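Asker:
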Ligand SMILES: Cc1cc2nc3c(=O)[nH]c(=O)nc-3n(C[C@H](O)[C@H](O)[C@H](O)COP(=O)(O)OP(=O)(O)OC[C@H]3O[C@@H](n4cnc5c(N)ncnc54)[C@H](O)[C@@H]3O)c2cc1C
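In this note's numbering, the protein residues as written are 4 to 431.
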């Protein structure tokens, strides 16, 4: 018996040693132990969908590229799937991931706030005064809000009385708490700004998740969807069907209902005031503050124009901009999937530029956005975008993409797998 145990223990040790050796090899390979001099220093600002993906793929594809990622938050919290947290079907832990996967790949991850970019000196400055020099800079800072477009909104958000929940994190928790604290028979109103905003189907998905929660837990309560747009902006027929099939008598959709002012619990529209126990305002949006202060915003005073072959800013050379901050190509949504695709085009182009090689002249990007309409039933919209050399922009490929025929539970499984896959694609 004892010799059997010994043999088992010896075998276990051999396996562990082999595992450690393999792990060591894998680490040496993945972390990109220098095979020669560094081909350049790339600083990436923003560890969200665009920035994290860019940092990872620079290391995977670039070999010996020196990559530093600067992100203000300690961990990544995903907006995709955050509407399920709002509905009570997932927890914050399910949408929160760390940056260890990037670190083990050799990315230097710095938690900090970039306060300035000196494009002439090729340096970024961090709060606290530290500076990071770069050969190429990639910026994926997301969006910030134009709160001044709605009367008294800034103060209402600051006080915590009104929440946006449009950047996942403490706002998601606050919105969920307001909903659970609300008495049965209360009203939840979500105000949707005019397009363009981050995640076109996101507000309608959120309305469904809140209505689903009310149906189960607070059946006398109501959901009001106050849309500044003239109609539902994504998967229209499918959302209309979901509203009618699952939430008749609970959810009311009002088009052309632009929010003008917030006053206490009142949402003031052009011709009426709406009283809401929980007022969830998705504010109008623009490229994030850093894009503005760095002089990158050059379209409609809101968005960043890019050269679509490299994602390099058309305003400031040497800076590549990804994701929601960019002025989109036709029919390109502001989505996490799209930011991930921008990042791959940029990572490949930056490596080629650092090596003095020609960049890929025929890039293709894809997008799929899943939306939960019940806790289990999901709908999707997909598109394929190809670079058009004549017009120097991405265009959708005729006949590609499409939408679900109907909401279904199989796509519910796909949606959760999509999230898991993209989180690992960006963070390792
Ligand atoms: C409710 C909701 C649901 C959504 N669902 C989906 C979905 O199902 N599928 C999908 O594809 N998309 C979805 N989206 C959209 C998706 O979240 C965004 O399109 C995506 O996050 C954009 O990526 P990004 O890299 O541009 O910005 P972000 O992911 O927001 O990343 C920006 C990062 O930059 C950091 N940052 C900004 N400025 C600085 C600075 N000065 N210094 C340091 N760090 C800085 C921020 O902290 C942030 O981490 C959803 C969005 C919402 C709100």
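Note that CB positions come from ideal geometry on N, CA and C, so glycine has one too. Here the structure is a predicted model, which means the values were calculated and not measured.
Does ligand 1 have a heavy atom nearer than 8 Å to the CB of residue 292?
Answerer: Flag set: Cβ of residue 292 near ligand 1.
Asker: One question on the structure: do residue 342 and residue 327 come within less than 9 Å of each other, judged by their Cβ atoms?
Answerer: Yes, the Cβ-Cβ distance between residue 342 and residue 327 is below 9 Å.
Asker: Which class does residue 167 belong to by DSSP, given the choice of helix, strand or coil?
Answerer: Coil.
Asker: Relative to ligand 1, is the shortest distance from any of its heavy atoms to the C-beta of residue 211 smaller than 8 Å?
Answerer: Checking the Cβ of residue 211 against ligand 1 gives no.
Asker: Looking at the unbroken alpha helix (DSSP H) that takes in residue 183, where does it start and where does it end?
Answerer: Note, residue 183: alpha helix (DSSP H), 173-184.
Asker: In three-state terms, what does DSSP make of residue 318?
Answerer: Correct three-state label for residue 318: coil.
Asker: Check whether the Cβ of residue 195 sits closer than 8 Å to any heavy atom of ligand 1, and report yes or no.
Answerer: Incorrect: residue 195 has no Cβ contact closer than 8 Å to ligand 1.
Asker: Going straight from the alpha carbon of residue 28 to that of residue 394, what length do you get?
Answerer: Residue confidence is low: residue 28 scores 24 on pLDDT, short of 50, so the model does not pin down where it sits. Its coordinate-derived value is still stated next. So the alpha carbons of these two residues sit roughly 46 Å apart.
Asker: Have a look at the DSSP bridge pairing and note the partners of residue 136.
Answerer: Bridge partners of residue 136: 126.
Asker: Does DSSP put residue 202 in a helix, in a strand, or in coil?
Answerer: Correct three-state label for residue 202: coil.
Asker: Thinking residue 290 and residue 309 are a contact (beta carbons under 8 Å), I'd like their distance in whole angstroms, please.
Answerer: In fact, because the Cβ distance is near 11 Å, the residues do not count as touching under 8 Å.
Asker: Let me know the secondary structure DSSP gives residue 41 once reduced to three states.
Answerer: Looking at residue 41 - three-state DSSP - the assignment turns out to be coil, as it is neither helix nor strand.
Asker: Can you confirm whether the stretch 381-388 touches the stretch 92-101 when touching is taken to mean that 3 or more C-beta pairs between the two stretches lie within less than 8 Å?
Answerer: At 8 Å Cβ cutoff, the stretches do not touch.
Asker: Jot down the residue ranges of each uninterrupted alpha helix (DSSP H) in the stretch 296-370, minimum 4 residues, whole runs only, in chain order.
Answerer: Listed in chain order, they are 339-358.
Asker: Can you confirm whether the stretch 99-115 touches the stretch 65-85 when touching is taken to mean that 3 or more C-beta pairs between the two stretches lie within less than 8 Å?
Answerer: Touching, per the Cβ criterion.
Asker: Pair every Cβ in the stretch 234-254 with every Cβ in the stretch 211-220, then say whether three or more of these pairs are closer than 8 Å.
Answerer: Cβ pair count under 8 Å is three or more, so yes.
Asker: Looking at residue 1 and ligand 1, is the gap between the Cβ and the nearest heavy atom below 8 Å?
Answerer: In the structure as shown, the chain begins at 4 and stops at 431. Residue 1 is therefore absent and cannot be evaluated.
Asker: Ends of the alpha helix (DSSP H) at residue 56?
Answerer: Here the alpha helix (DSSP H) through residue 56 covers 52-65.
Asker: Below 8 Å CB to CB, which residues in the same chain sit around residue 294 once its five sequence neighbours on both sides are set aside?
Answerer: Excluding positions up to five away in sequence, the list reads 142, 144, 300, 307, 324, 328.
Asker: At a cut-off of 8 Å, would you count residue 424 as near ligand 1, judging by its Cβ distance to the nearest heavy atom?
Answerer: Outside the cutoff, so no.
Asker: Any idea if residue 40 is buried or exposed, counting beta-carbon neighbours within 10 angstroms, 16 or more meaning buried?
Answerer: Exposed, by the Cβ-count rule.
Asker: How long is the line joining the alpha carbons of residue 186 and residue 178, rounded to whole angstroms?
Answerer: Spanning the two alpha carbons is a distance of roughly 14 Å.
Asker: So, for residue 412: in the same chain, excluding its five sequence neighbours on each side, which residues have a beta-carbon less than 7 Å away from its beta-carbon?
Answerer: Within the same chain, residue 412 has close Cβ partners 379, 380.
Asker: Could you give the first and the last residue of the continuous alpha helix (DSSP H) run that contains residue 250?
Answerer: Counting along the chain, the alpha helix (DSSP H) containing residue 250 begins and ends at 239-250.
Asker: Using the rule of at least 16 other Cβ atoms within 10 Å of the residue's Cβ for burial, across every protein chain shown, is residue 274 buried or exposed?
Answerer: Burial call: exposed.
Asker: Using 9 Å as the threshold, is the C-beta distance between residue 265 and residue 284 below it?
Answerer: Yes, these two residues count as a Cβ contact at 9 Å.
Asker: In the structure shown, what three-state DSSP assignment does residue 98 receive?
Answerer: Residue state, collapsed to three classes: helix.
Asker: From the DSSP output, in three-state form, read off residue 257 for me.
Answerer: DSSP places residue 257 in strand when its eight states are reduced to three.
Asker: Would you mind sorting residue 230 into buried or exposed? The rule is 16 or more other CB atoms within 10 Å of its CB.
Answerer: Buried, by the Cβ-count rule.
Asker: Out of curiosity, what's the CA-to-CA distance linking residue 224 and residue 271?
Answerer: Taking the straight line joining both Cα atoms gives about 21 Å.
Asker: Are the Cβ atoms of residue 347 and residue 60 separated by less than 9 Å?
Answerer: Closer than 9 Å, so yes.
Asker: Using only the alpha-carbon positions, how far apart do residue 419 and residue 84 sit?
Answerer: Cα-Cα distance, rounded: 8 Å.
Asker: Let me check understanding here. Comparing Cα to Cα, which of 182, 92, 220, 171 lies closest to residue 202?
Answerer: Closest by alpha carbon: 171.
Asker: Which residues in the same chain as residue 268 place their Cβ atom closer than 7 Å to its Cβ, once the five residues preceding and following it in sequence are excluded?
Answerer: Cβ neighbours of residue 268 beyond the five flanking positions: 278, 279, 280, 282.
Asker: Would you say the beta carbon of residue 191 comes nearer than 8 Å to a heavy atom of ligand 1?
Answerer: No, the beta carbon of residue 191 sits no closer than 8 Å to any heavy atom of ligand 1.
Asker: Using beta-carbon positions only, say whether residue 70 and residue 110 come within less than 9 Å of one another.
Answerer: Closer than 9 Å, so yes.
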